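These notes concern the structure reproduced below.
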Amino acid sequence: MKKRAELPSPLRGLIALLFWLGVWWIISLIVGREVLIPSPPAVLKKLFELLRSSGFYLSVLLSLARITAGFFAAVLLGTVSGVVCAVSRTADTLLSPLYTVIKATPVASFIILALVWINKELIPVFISALMVLPVIHGNVREGIVSADRGLLEAANIFNFSRSQKLRLIYAPSVAPYLTAGVRTCLGLAWKAGVASEVLCFASYSIGKRLYESKVYLETTETFAWTLTVIVMSMIIEKLLMSAVGRLQRRKGYDKDHGPEKEL
Amino acid sequence: MIKITGLKKSFDKNVVFDGFDLTVEGPGFYALSGPSGSGKTTLLRIISGLDRDYTGKVEVSGVISYVFQENRLMPSVSAYDNVFEVCHDRELTSYLLDAVGLPDAGGKYPSELSGGMARRVAIARALSYPHGILLLDEPFTALDAGVKSRIISLVKQREQGKTVIAVTHDPSESEALGCTVIELKK
Numbered sequence: 000m001k002k003r004a005e006l007p008s009p010l011r012g013l014i015a016l017l018f019w020l021g022v023w024w025i026i027s028l029i030v031g032r033e034v035l036i037p038s039p040p041a042v043l044k045k046l047f048e049l050l051r052s053s054g055f056y057l058s059v060l061l062s063l064a065r066i067t068a069g070f071f072a073a074v075l076l077g078t079v080s081g082v083v084c085a086v087s088r089t090a091d092t093l094l095s096p097l098y099t100v101i102k103a104t105p106v107a108s109f110i111i112l113a114l115v116w117i118n119k120e121l122i123p124v125f126i127s128a129l130m131v132l133p134v135i136h137g138n139v140r141e142g143i144v145s146a147d148r149g150l151l152e153a154a155n156i157f158n159f160s161r162s163q164k165l166r167l168i169y170a171p172s173v174a175p176y177l178t179a180g181v182r183t184c185l186g187l188a189w190k191a192g193v194a195s196e197v198l199c200f201a202s203y204s205i206g207k208r209l210y211e212s213k214v215y216l217e218t219t220e221t222f223a224w225t226l227t228v229i230v231m232s233m234i235i236e237k238l239l240m241s242a243v244g245r246l247q248r249r250k251g252y253d254k255d256h257g258p259e260k261e262l
Numbered sequence: 000m001i002k003i004t005g006l007k008k009s010f011d012k013n014v015v016f017d018g019f020d021l022t023v024e025g026p027g028f029y030a031l032s033g034p035s036g037s038g039k040t041t042l043l044r045i046i047s048g049l050d051r052d053y054t055g056k057v058e059v060s061g062v063i064s065y066v067f068q069e070n071r072l073m074p075s076v077s078a079y080d081n082v083f084e085v086c087h088d089r090e091l092t093s094y095l096l097d098a099v100g101l102p103d104a105g106g107k108y109p110s111e112l113s114g115g116m117a118r119r120v121a122i123a124r125a126l127s128y129p130h131g132i133l134l135l136d137e138p139f140t141a142l143d144a145g146v147k148s149r150i151i152s153l154v155k156q157r158e159q160g161k162t163v164i165a166v167t168h169d170p171s172e173s174e175a176l177g178c179t180v181i182e183l184k185k
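Going line by line, the protein sequences match chains D and U. For the first sequence, numbering that gives the first Met the number 0 assigns the number 0 to the initial residue and increments by one for each residue that follows. For the second sequence, numbering that gives the first Met the number 0 assigns the number 0 to the initial residue and increments by one for each residue that follows.
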């Protein structure tokens, strides 16, 4: 059978992107009202207008600062609680219902409660952290629990210290779980963080600008801000995953953890 | 010294040992042989203390080193570091990697080694650990004839005055090591 010539992956991605831009454009032409579905050129024009305004950068930077602060705080706290729950059954029993409640509660409920409890400027930090925490906790815990029993037995025979076990067995075992968690949570933190900014009206934030564009029926601006969030999310994911990849390669955590190959 | 008295061990309803006795006095080379399922690996695990789910009395005096049936090398560090992490002695690590015929493979990760190379690193690691008793679980699988003979000579030379217990299916291996054969029955 003849093998089909395949296009390079970036080119296929570009074709898919152009296809969906085309679909969007056609829909906007069919609807014919910018206030409902603005066309891609109109959104790009608005985005360039926003890029020229100083308020844009301040809003993006402060949103970025709040959401990444929440994200990293949750990664840190989730890692600690994941480790504690993996080694202590009591802690696991105590914390398990808490994480179940956090996962099951709608984010809007947390945002409304946070409006009562804390300063509105800190709500996006709190909400982003709350969305990320259970995922990181669960993944880190799973990574530790699923550490290779055979390697742990070898470590016991050769009398490895705690730090050796941590460095040579647990950290490499947790790394892929933590990486998967970080990748999943980045988008989650952005979405929840911006949603909370919309509801709490945090000053100088993407969420506030989104809300204002909705109030003034500036749908083109809503699309432009949404595009900004998507692009920011993609850039941060690329940067963070590339840093994580470099760290894993340096530590040897990217090496195959399966059985040795037979040659 | 290893003294086992009245050992009883079973996996669910499969009885592996039912009142088994074994005494290994002083240093020497011993081979555990017997059909599959006769409990050779289980006995090594019990002697090493990795398996404590049994009844009977097991007394072991001496630090144990172990070549597992699977190599169990630490995947995130190089072959060199797999040995060094155990002995913390650079000179000994280099000597042993050289002695097992891997002078240039120290920088490779376990996933980059062939089955035979990984086996030799596992043997070098076990030999590097300060011990009085060496447990070898099918140590020469994946090794070709020339390398096997080299490793057997190395083990005989370095383990003089220590207790070596090897699980092997091949009588020529236990003969080459000069082992007293302990036959396990199913």
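Cβ coordinates follow ideal geometry from the N, Cα and C atoms, glycine included. For clarity, every value in this text was computed on a predicted model and none was experimentally measured.
If only uninterrupted beta strand (DSSP E) runs of at least 3 residues are considered, those enclosed by the stretch 11 to 99 of chain U are 13 to 23, 27 to 32, 54 to 59, 63 to 66. Chain D places a beta carbon closer than 7 Å to that of U:Arg71, counting this residue as a contact. The beta carbon of U:Pro138 sits closer than 7 Å to the beta carbons of Val66, Ile122, Ala165 from its chain, once the five residues preceding and following it are set aside; these are given in chain order. Here the C-alpha atom of D:Pro123 lies approximately 6 Å from the C-alpha atom of D:Glu196.
Under a criterion of Cβ atoms nearer than 8 Å, the residues of chain U adjacent to D:Lys250 are, in order, Ser75.
The beta carbon of D:Tyr203 lies closer than 7 Å to those of Leu57, Ser58, Leu61 in the same chain, with the five residues before and after it left out.
Residues of the same chain with a CB within less than 7 Å of the CB of D:Leu76, apart from the 5 flanking positions on each side, are Leu132 in chain order.
DSSP places D:Glu48 in the uninterrupted alpha helix (DSSP H) bounded by 39 to 50. As the crow flies, the alpha-carbon of U:Ser75 is around 9 Å from that of D:Arg248.
For U:Ser152, not one C-beta of chain D is nearer than 7 Å to its own C-beta. Contact between the stretch 88 to 103 of chain U and the stretch 116 to 131 of chain U is established, with three or more Cβ pairs separated by less than 8 Å. In terms of Cα proximity to D:Phe55, the closest of D:Ser108, D:Glu152, D:Trp224, D:Ser160 is D:Trp224. For D:Ala146, no Cβ of chain U is located within less than 7 Å of the residue's own Cβ. Secondary structure remark: continuous alpha helix (DSSP H) runs of at least 4 residues inside the stretch 149 to 232 of chain D, in chain order: 161 to 164, 170 to 199, 205 to 214. Taken atom to atom, the span from the alpha-carbon of D:Ala194 to that of D:Met233 is near 18 Å. Boundaries of the beta strand (DSSP E) harbouring U:Ala165: 162 to 166, taken from the DSSP string. Of all C-beta pairs linking the stretch 149 to 167 of chain D to the stretch 50 to 61 of chain U, fewer than three are shorter than 8 Å, placing the two stretches out of contact.
When the beta-carbon positions are compared, D:Lys45 and D:Glu220 come within less than 7 Å of each other. Taking 7 Å as the cut-off, the beta carbon of D:Ser172 is found no closer than this to the beta carbon of D:Gly137. Shown in chain order are the members of the stretch 45 to 72 of chain U whose Cβ falls below 9 Å from a Cβ of chain D: Ser47, Gly48, Leu49, Val62, Ile63, Ser64, Tyr65, Phe67, Glu69, Asn70, Arg71, Leu72. In the structure shown, the three-state DSSP call for D:Asp253 is coil. For U:Tyr79, no Cβ of chain D is located within less than 7 Å of the residue's own Cβ. Scanning chain D for C-beta atoms nearer than 7 Å to the C-beta of U:Val85 yields Phe157, reported in chain order. Of the residues D:Gly12, D:Lys164, D:Thr178, the one whose Cα lies closest to the Cα of D:Val243 is D:Thr178. Listed by position along chain U, the residues whose Cβ is nearer than 7 Å to that of D:Leu49 form an empty set, because the closest Cβ is around 46 Å away. Contact of D:Gly142 with chain U is not assigned, every C-beta pair being separated by 7 Å or more.
In the DSSP assignment, U:Lys2 is bridged to U:Thr22, U:Glu58.
DSSP, reduced to helix, strand and coil, places U:Lys7 within a strand of the structure shown. In the DSSP assignment, U:Thr179 is bridged to U:Tyr29. DSSP places U:Leu133 within a strand segment (E or B) once states are collapsed to three.
The stretch 111 to 118 of chain D makes no contact with the stretch 154 to 162 of chain D, as fewer than three CB pairs between them are under 8 Å.
Nearest to D:Phe200 by C-alpha distance, out of D:Ile110, D:Ala146, D:Gly186, is D:Ile110. Distances from the CA of D:Val139 to each of D:Ala154, D:Tyr215, D:Val83, D:Asp253 were compared; the closest alpha carbon is that of D:Val83.
A distance below 8 Å between beta-carbons, with the five flanking residues on each side excluded, links D:Leu185 to the following residues of its chain, in chain order: Phe70, Ser232, Ile235, Glu236, Leu239. For the pair D:Val22 and D:Tyr98, the Cα-to-Cα distance works out to about 41 Å. Straight-line spacing of the CA atoms in D:Ser127 and D:Trp189 works out to 7 Å.
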